[in-house]
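Numbering (the numbering used here), first residue to last: 1328 to 1419. Following: one structure in structure tokens, then a few remarks.
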């Protein structure tokens, strides 16, 4: 789920970067001013997307670490249970 979201974010970044590359000065009043405003808006969007994807990646890494710890703890507890079962058999 999160990996899909990360891929989506990077696709959005690429789309915005392509839009920035293709940005032209339109034939309108104050065209240069609008061009720079559009350019800054796209740059701001790209920065926001990159920040969002970095947050999602950090969250994914955190979750993966927690999963690994949980699996390790589960394995440890299963081994402990097996040892206790063996001791129980020996006592009876």
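Glycine included, C-beta positions come from ideal geometry on N, C-alpha and C. On a predicted model such as this, the values are computed, not experimentally measured, just so you know.
Less than 8 Å between the CB atoms is what I'm expecting for residue 1352 and residue 1343, so what's the real figure, rounded? Not a contact, Cβ separation roughly 19 Å.
Comparing C-alpha positions only, which one of 1387, 1355, 1348, 1384 sits nearest to residue 1370? 1348
Using the Cβ count rule (16 or more neighbours within 10 Å means buried), how would you classify residue 1376? Here residue 1376 is buried, its C-beta having at least 16 other C-beta atoms within 10 Å.
Is the beta carbon of residue 1337 closer than 9 Å to that of residue 1380? yes
What first and last residue would you give for the alpha helix (DSSP H) that runs through residue 1392? 1358-1418
Compute the distance between the beta-carbons of residue 1373 and residue 1340, then report whether it is under 9 Å. yes
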